[in-house]
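**Q** Quick mapping for you: the protein sequence lines, in order, are chains A and B.
Residue numbers are given in this note's numbering: position 175 of the first sequence equals residue 175, and the series is strictly consecutive.
Residue numbers are given in this note's numbering: position 188 of the second sequence equals residue 188, and the series is strictly consecutive.
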Amino acid sequence: MDFEYAPAPESRSVVDIRPSYGLFIDGAFTDGHGEPFKTIEPASEDTLAEIATADGADVDRAVAAARAAFENVWGPMPGRERAKYLFRIARIVQERARELAVLESIDNGKPIRESRDVDVPLAAAHFFYYAGWADKLGHAGFGADPRPLGVAGQVIPWNFPLLMLAWKIAPALACGNTVVLKPAETTPLTALLFADICRQAELPPGVVNIVTGAGETGRLLVAHPGVDKVAFTGSTDVGRQIARSVAGTDKRLTLELGGKAANIVFDDAPLDQAVEGIVNGIFFNQGHVCCAGSRLLVQESVADELLERLKARMATLRVGDPLDKNTDVGAINSAEQLAKIRELSQAGEDEGAERWAPDCALPQRGFWFAPTVFTGVAQSHRIAREEIFGPVLSVLTFRTPAEAVEKANNTPYGLSAGVWTEKGSRILWTAERLRAGVVWANTFNKFDPASPFGGYKESGHGREGGRHGLEAYLNV
Amino acid sequence: MSTETLPSGPQLRAFLHGLPGVDQVGVDERAARLATRSIKTTAKAQAIDLAITMVDLTTLEGADTPGKVRALCAKGARPDPGDASVPRVAAICVYPDMVETAVAALRGTGIGVASVATAFPSGRAPMEAKLADTRAAVAAGASEIDMVIDRGAFLAGDYRKVHEEIVATKEACGDAHLKVIFETGELVTYDNVRRASWLAMEAGADFIKTSTGKVAPAATLPVTLVMLEAVRDYRAATGRQVGVKPAGGIRTTKDAIKYLVLVNETAGPDWLDPQWFRLGASSLLNDLLMQRRKLTTGVYSGPDYFTLD
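(1) Which word fits B/Ser8, buried or exposed, when buried means at least 16 other C-beta atoms lie within 10 angstroms of its C-beta?
(2) What are the boundary residues of the beta strand (DSSP E) that includes B/Lys179?
(3) Which residue wins for smallest C-alpha separation from B/Pro10, given the options B/His163, B/Ala114, B/Tyr300 and B/Thr36?
(4) Taking 7 Å as the CB-CB limit, is B/Thr41 close to chain A?
(5) Using a C-beta to C-beta distance shorter than 8 Å, which residues of chain A count as neighbours of B/Gly21?
(6) Note down, in chain order, each residue of its chain lying with its Cβ closer than 6 Å to the Cβ of B/Tyr305, except the 5 sequence neighbours on either side.
(7) Determine, for A/Phe3, whether the minimum Cβ-Cβ distance to residues of chain B falls below 7 Å.
(8) CA-CA distance, B/Lys214 and B/Ile181?
(9) Which ranges does the alpha helix (DSSP H) cover as unbroken runs of at least 4 residues, wholly within the segment 148-177 of chain A, from first to last along the chain?
(10) Assign A/Gly141 to buried or exposed, taking buried as 16 or more other Cβ atoms, counted over all protein chains shown, within 10 Å of its Cβ.
(11) Look at the Cβ atom of A/Ala425, then the Cβ atom of A/Thr186, and state whether they are nearer than 7 Å.
(12) Which residues, in order along the segment 325-352 of chain A, keep a beta-carbon less than 8 Å from a beta-carbon of chain B?
(13) Does A/Thr187 have its Cβ less than 7 Å from a Cβ in chain B?
(14) Using a beta-carbon distance below 7 Å, is A/Asn285 in contact with chain B?
(15) Which residue's Cα is closest to the Cα of B/Val110: B/Arg292, B/Asp287 and B/Pro274?
(16) Applying a beta-carbon distance threshold of less than 8 Å, which residues of chain B neighbour A/Asn442?
(17) List, in chain order, every chain B residue whose beta-carbon is nearer than 8 Å to that of A/Gln299.
(18) What in chain B is Cβ-close to A/Arg113, meaning under 7 Å?
(19) Does the CB of B/Pro222 have a neighbour CB from chain A at under 7 Å?
(20) Just to confirm the assignment, what range does the beta strand (DSSP E) spanning A/Lys136 have?
(21) Please list the terminal residues of the continuous alpha helix (DSSP H) segment that includes A/Glu300.
(22) Taking DSSP as the reference, what is the three-state secondary structure of B/Leu187?
(23) Report the three-state DSSP secondary structure of A/Ala8 (helix, strand or coil).
(24) Please report how far the alpha carbon of A/Ala64 lies from the alpha carbon of A/Asp26, in whole angstroms.
(25) If you run the structure through DSSP and keep just helix, strand and coil, what is A/Gly348?
(26) How far does the alpha helix (DSSP H) with A/Asn280 in it extend, from its first residue to its last?
(27) Taking the alpha-carbon positions, what's the A/Asp448 to A/Thr233 distance?
(28) What is the residue span of the beta strand (DSSP E) that A/Phe398 lies within?
(29) Just by C-beta distance, which residues in the segment 49-73 of chain B are closer than 7 Å to chain A?
(30) Between B/Leu272 and chain E, is there a C-beta pair that is closer than 7 Å?
(31) Which residues in the same chain as A/Glu386 place their Cβ atom closer than 8 Å to its Cβ, once the five residues preceding and following it in sequence are excluded?
(32) Can you pull out the residues from the segment 234-263 of chain B whose beta carbon lies closer than 7 Å to at least one beta carbon of chain A?
(33) Near B/Ile257, what residues of its chain come up, given a Cβ to Cβ distance below 6 Å and the 5 sequence neighbours on each side ignored?
(34) Looking at chain A, is there any beta carbon in it that lies within less than 7 Å of the beta carbon of B/Arg30?
(35) Could you tell me which chain A residues have their CB closer than 9 Å to the CB of B/Pro269, listed as they occur along the chain?
(36) Grab me the residues of B/Ala327's own chain with a C-beta within less than 7 Å of its C-beta, minus the 5 sequence neighbours each way, in chain order.
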């Protein structure tokens, strides 16, 4: 019997999107002096709001406000006092979780199930976690009384807008720094709602400043002489530009960039759970995940069986309205990103890989891309080399463990990897040889504030999360 | 597999231990995620009626009497006396000595009579007694037999003994359908559940069933997920479709709908039929009726508006 799930949309009435938003500087919303831009809803292409653009003078104001707050209030404040603010922010994020989740899904296109169950709870968890560190920095292994750096300029991507904000702001504030943060151009709304949460928490003005705008605003921020620390999450290209602009200054820099993670499935893997892990690895958040398991390396002896199971599973993925509680795969974030995914997928076909996607009806309006798998992919194909940042999986095979490791490491990136086997010793053997910042065993895309995250090679440098994440914001 | 060529112990062991492993964390996670599906309005109405038709309405108490069983049969045939649009349940499940009473009470209703057998619930009796138990129930008119496996033999690795018992019971069933109860609460690991599933299917089970309801934990979503994967894979490998019955601990409409979602997204819509999926339960039926009435009338009725049995 066919069992059709009726639409189960989460209500939009919980959010109140204003027609226009300014910049959040020194505890107040102010006008920006650049040309404003519009943020649109990727699922419908409707305009959501007009957003201010910060020009050079606005960035100056924001950095000056952050500097003043650092020198007069936040820097001198005892850690236990800073912790109270962070705990308060964490609790307000929890209290306003539904609002944040709905707004995130509207602005980003991700399914409400993910914003509700992953993004927002993890964002709150990061604030709770680093709130706990604020008065214990002397016990973190960086000396008896490690000092903050000063003003942090932070630029974050559009794939996990609120979560990346939490990853950046929570450790910075816990260590005693103040921040100027620039959210991504296509997803500024939750950062602006977070500004309101800062006010609600009565965070002293200037401790958190949020400047919106496109790439130029980001460039102005990271190049600003008043910034002591630059933290960036995003594409490797932009990361390179930032590294260039920071070179020769005494700014500290951490970069969390792209990835082309290998998900390695050995022949003794728990196959059904491996299929779930593969699906979660590449179709979670429409594949807009820097640590996505975008390359499946499967042992030849189980490749056919695994792929058959994977395709059957992909056919059950529900693609559509991000606000429907039963949606598994939502909308692609922007027209630009959709074009990039299409271009690389076409390259995959042109280079001779076999393309497959389940039969799924995509909505007429908005930006959509069906979950797709490429088989018969060679290491030399673009879809095995370049980050697609979309719901596209490239499948390669291997014969021996050594070959698996060799292929997994044969990439300019090194952010994450997955290992699937029932044999504990093989997990350790493989993980030891993989050059990736995170190696998941018999699972994928698991995040925890206590666990450090970061990359090798072109995936960036520096670690976020855990005790290691403090180092990036302390003068050590 | 015919009885003349029963596989040897080592053959069974090699086969069962060669099945892909089950990762506990992964299964638990998958089951929990499917449990977040939001089934509302028309989908909920469809699910409630489907669930009612899948109920094996059960009474397995030492205190059961013919009167109690007849009352239960009346309830199964007409779950809501005030609403003729409520479908009937799939079967009434009783002890062997109550089969005759149930058969008489259900004549003409199309409802099956399921009898537990083989020294239910522990399965601790000589083989001859278990088979006599089964034959008696079939002779009294049971159309379905719910047998228990020898968990002691299974846990000791004596797969051959378990296999032989299932084969022999299947023979004793004649035309009656055989459901094989694993008592997954005693098998504990998901690897064991998968092996027991394949063992029972190989031995000829028509249905595989989680629990007796006498041991906690009884049916759980992850255990049922593993069993649904097994029947899906078994059909892909052999062409024969086997049913699944979680039993015990399923009390609310919400629980029942979670199981239906699990079936839908694991084994697939082919199993969304009382012929292939059953819910072993007693108190579940009234909650389904309450939710059904809420959906059709918009208001909740108190428990006193639904019959006890």
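We treat Cβ as the ideally placed atom computed from N, Cα and C, and that holds for glycine.
**A** According to the structure shown:
(1) Per the 10 Å Cβ criterion, exposed.
(2) B/Lys179 -> beta strand (DSSP E) spans His177 to Ile181.
(3) Closest option to B/Pro10, Cα to Cα, is B/His163.
(4) Residue contact check for B/Thr41 against chain A: a CB pair falls below 7 Å.
(5) Correct list: Asp268, Ala269, Pro270 and Glu422.
(6) Cβ neighbours of B/Tyr305 beyond the five flanking positions: none.
(7) A/Phe3 counts as touching chain B.
(8) If you take the alpha carbons of B/Lys214 and B/Ile181, they lie about 12 Å apart.
(9) Contiguous alpha helix (DSSP H) elements confined to the segment 148-177 of chain A occur at 161-174, taking only those with 4 or more residues.
(10) Under this definition A/Gly141 is an exposed residue.
(11) What sits at residue 425 of chain A in the sequence shown is Ser, not Ala. Taking 7 Å as the cut-off, the beta carbon of A/Ser425 is found no closer than this to the beta carbon of A/Thr186.
(12) The residues in question are Lys325 and Asn326.
(13) With 7 Å as the cut-off, A/Thr187 does not count as an interface residue toward chain B.
(14) By this cut-off, A/Asn285 is not an interface position.
(15) According to the sequence shown, residue 110 of chain B is Gly rather than Val. It is B/Pro274.
(16) Those are Asp23, Val25 and Gly26, listed as they occur along chain B.
(17) Per Cβ cutoff of 8 Å: no residues; A/Gln299 is ~12 Å from chain B at best.
(18) Under the 7 Å cutoff, chain B gives Thr36.
(19) Taking Cβ atoms only, chain A never reaches closer than 7 Å to B/Pro222, which makes this a no.
(20) Run containing A/Lys136: none; DSSP gives neither H nor E here.
(21) In the DSSP assignment, A/Glu300 falls within the unbroken alpha helix (DSSP H) covering Glu300 to Met314.
(22) When secondary structure is reduced to three states using DSSP, B/Leu187 falls in the helix class.
(23) Coil at A/Ala8, not helix or strand.
(24) C-alpha of A/Ala64 to C-alpha of A/Asp26: approximately 9 Å in a straight line.
(25) Helix at A/Gly348.
(26) Following the DSSP letters along the chain, one finds A/Asn280 inside the alpha helix (DSSP H) bounded by residues Leu271 to Phe283.
(27) Cα to Cα, the separation comes out at about 17 Å.
(28) In the DSSP assignment, A/Phe398 falls within the beta strand (DSSP E) that extends over Val392 to Phe398.
(29) Contact annotation: in the segment 49-73 of chain B, residues whose CB is within less than 7 Å of a CB in chain A are Leu50.
(30) No chain E appears in this structure, whose protein chains are A and B.
(31) Only Lys260 and Leu344 meet the Cβ criterion.
(32) Here the close residues are Leu260.
(33) Correct list, in chain order: Ile39 and Ala47.
(34) Interface residue, yes.
(35) Against chain A, the beta carbon of B/Pro269 has neighbours under 9 Å at Met1, Asp2 and Phe3, listed in chain order.
(36) The displayed coordinates of chain B run from 1 to 309. Any statement about residue 327 of chain B would go beyond what the structure contains.
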